[in-house]
Structures are given as C-alpha cells and as structure tokens.
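**Student:**
In mature numbering (1 follows the signal peptide of the UniProt record, and there is no 0), the protein residues as written are -17 to -1, 1 to 248.
1) Starting from the C-beta of residue 121, find all residues in its chain whose C-beta is less than 7 Å away, skip the five residues before and the five after it, and write them out in chain order.
2) Answer with buried or exposed for residue 10, where buried requires no fewer than 16 other C-beta atoms within 10 angstroms of its C-beta.
3) Report the CB separation of residue 212 from residue 220 in whole angstroms; it is logged as a contact under 8 Å.
4) How about residue 196 and residue 71: do their beta carbons lie closer than 8 Å?
5) Classify residue 97 as helix, strand or coil using the three-state DSSP reduction.
6) State yes or no: is the beta carbon of residue 111 nearer than 8 Å to at least one beta carbon in chain B?
7) Quick check: what's the CA-CA separation for residue 156 versus residue 163?
8) For residue 237, collect the residues of the same chain with a Cβ closer than 8 Å to its Cβ; drop the 5 residues on either side in sequence, then sort them by chain order.
9) Assuming residue 205 and residue 31 are in contact, meaning their beta carbons sit under 8 Å apart, how far apart are those beta carbons, in whole angstroms?
10) If you scan the stretch 173 to 225 from start to end, which runs of the beta strand (DSSP E) of 3 or more residues do you find wholly inside it?
11) With burial defined as no fewer than 16 other Cβ atoms inside 10 Å of the residue's Cβ, what is the status of residue -7: buried or exposed?
12) Could you check whether the stretch 122 to 131 touches the stretch 59 to 66, counting it as contact only if at least three pairs of C-beta atoms, one from each stretch, sit closer than 8 Å?
13) In whole angstroms, give me the CA-to-CA distance for residue 34 and residue 86.
14) Please identify the residue among 203, 231, 113 whose C-alpha is closest to the C-alpha of residue 78.
15) Cβ atoms of residue 149 and residue 90: under 8 Å apart, would you say?
16) Check each candidate in 23, 222, 210, 233 and name the one with the smallest Cα separation from residue 39.
17) Let me confirm a value: residue 82 is counted as buried when at least 16 other C-beta atoms fall within 10 Å, else exposed. Which label applies?
18) What residue ranges within the stretch 96 to 132 form continuous alpha helix (DSSP H) runs of no fewer than 4 residues, ordered along the chain?
19) Just the C-alpha distance for residue 184 and residue 6, rounded to the nearest angstrom, thanks.
20) Within a Cβ cutoff of 6 Å, which residues of the same chain sit near residue 14, ignoring the five residues on either side of it in sequence?
21) For a test of your reading of the model: does the CB of residue 64 fall under 7 Å from any non-hydrogen atom of the ligand SAH? Yes or no.
22) Output the distance between the C-alpha atoms of residue 37 and residue 46, rounded to the nearest integer angstrom.
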C-alpha cells in the first residue's frame, strides 16, 4: 500500500507544490566535515548537504541551513522550530518527535593508525587490541558497538582508553603520540586528519559498527506526505546512480586515508 501511495505521489510531484514547501525547509546542522560545515562566506557545504540539495530539488523544496549544536537542533526539531536534520541514525526516542526518511547512505565506524613506516599489527577484533596493548583514542560521544562496550572496562583498567573531547582533538593526540589507534567515522577522521594535522591515516580491518543514515523530519511541522516524496527522491536517486556518484565524488576529495588494499596488509 505504501509503495502504491509513493508511486502516485511521484507521478504528481512535478506539478504539485507540497504545503510544507511554501516556505524553505529549515535545516539544522552542526560542524561535521566532510558531511556538513559552513564556509567563512556563509555557504554551507558537505556530502550530506549536497545529497539533501539533490533530493530537495527533485521534490521542489528550497532549503534554509542553520548552523546549530546537534543537541539544540533536536530540541528545536521537537518544538517544530526546525523542519529537518541530516545524518540521523534511528532511535526510538527520536521517532517520537520525528519522521525518518529511507536511508540515503551508511555510516561506518573504523579504527585508524598513522600512515607511517612503523606499522601496527592488523587489528581484527577488540580482544586482539586488548591483547596487543595498543592505546585507543576515544572521542567522548559515539556508539562503537556491543563488543566494545563489553570490553570497555578492561581497556580502561589497563590504561588503554585515552578519552578526548572530540574527533579533532583525537587526531591531534594521535599525531603527537598520545595513542596508537583512533576510532571514529570512516570518512570524517581521514578528512580531519588532513585538514587539522596534515597527516594520512591507515585504516585497520576491524569495523566496530555500521548503520543506515536518514533524514529526520519534525512531526510537528512536516507532513507524512512530504516525507514520502523525499523517500521517492531517495529511491530514484539511488536507482539512477546519482547518490552513488555524489558519494564517490566526495571519496575522491578525502585523500587522507590509506587502507589495507593499498598497503597489502
């Protein structure tokens, strides 16, 4: 039934302007390159920004980007003072005040070391990292999987967890030898490493978590019909390859990573 409704809405989308789009959609975002950031001239850029612009153009909506802390964006979304957020992972709590779109990309958490002549042992599991004694630089926020949570206390008791306030500080600490391995978003960390410290990272084999990423629309200000239109735009852009093309174009820009394929590990 939902598929039939989606097809009907897609057929009329070019000639129907959704009431939700009579005014630009208010988009809350925080500084998180390469997904979203604001240039000094006020222009908003990033992978998620490009994807949202692509989808909004197809649906027929204009966008008003507002740079805000993530916590504040969620508060405003709950109140209907914002219309949507990008880069959202699903939680039951968020579903109470927001409509989730179809997933438009995947987010992967990865482990990295500095790309250097003195390589570490390949890490395939958390237990292996524990046994090797490597120190892990850990940003204060983030979900790193059930297996990590199971071993977190052991890592901490052995002084193998080095806390940091954010990904940027983790990269700085890695570059200055405060730890051997850093954890974080598989695209953001290499990008930050090149921008902040001018270093390249080598990715370890372990993938702590992987999850779908959605747009999150305010229930109080956005109709379910508009969400269906965005779902249709996501499906269309994936089917004709535009989503993949956009993501690959950003991968080409993120040159701060060396993976196992390049090193032969």
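No residue lacks a Cβ here, since even glycine has one placed at the ideal position from N, Cα and C.
From a predicted model like this one, the values you see are computed outputs, not experimental measurements.
**Tutor:** Quick look at the numbers:
1) Result list for residue 121: 144, 145, 146, 147, 166, in chain order.
2) By the 10 Å Cβ count, residue 10 comes out buried.
3) Incorrect: roughly 13 Å between the Cβ atoms, too far for contact.
4) In this structure, residue 71 lies closer than 8 Å to residue 196 by Cβ.
5) Looking at residue 97 - three-state DSSP - the assignment turns out to be strand.
6) The chain inventory of the structure shown lacks chain B, comprising one protein chain alone.
7) Rounded to the nearest angstrom, the gap between the Cα atoms of residue 156 and residue 163 is 9 Å.
8) A distance below 8 Å between beta-carbons, with the five flanking residues on each side excluded, links residue 237 to the following residues of its chain, in chain order: 17, 170, 173, 174, 177.
9) With a Cβ gap of about 18 Å, residue 205 and residue 31 do not count as contacting.
10) DSSP runs (the beta strand (DSSP E)) wholly in the stretch 173 to 225: 184 to 186, 192 to 201.
11) At residue -7, the pLDDT of 47 sits below 50, so the modelled position is not reliable; the number obtained from the coordinates is stated separately. Classification for residue -7: exposed.
12) Not touching, per the Cβ criterion.
13) Note on geometry: alpha-carbon atoms of residue 34 and residue 86 lie some 12 Å from one another.
14) In terms of Cα proximity to residue 78, the closest of 203, 231, 113 is 203.
15) Using a Cβ distance threshold of 8 Å, residue 90 and residue 149 do not count as a contacting pair.
16) Closest option to residue 39, Cα to Cα, is 210.
17) Result: buried.
18) Within the stretch 96 to 132, the runs of alpha helix (DSSP H) at least 4 residues long that lie entirely inside it are, in chain order, 109 to 115.
19) Going by the C-alpha atoms only, they are around 43 Å apart.
20) Closer than 6 Å at Cβ, skipping near neighbours: 20.
21) No copy of the ligand SAH occurs in the structure displayed, which carries no ligand at all.
22) For residue 37 and residue 46, the distance between alpha carbons rounds to 11 Å.
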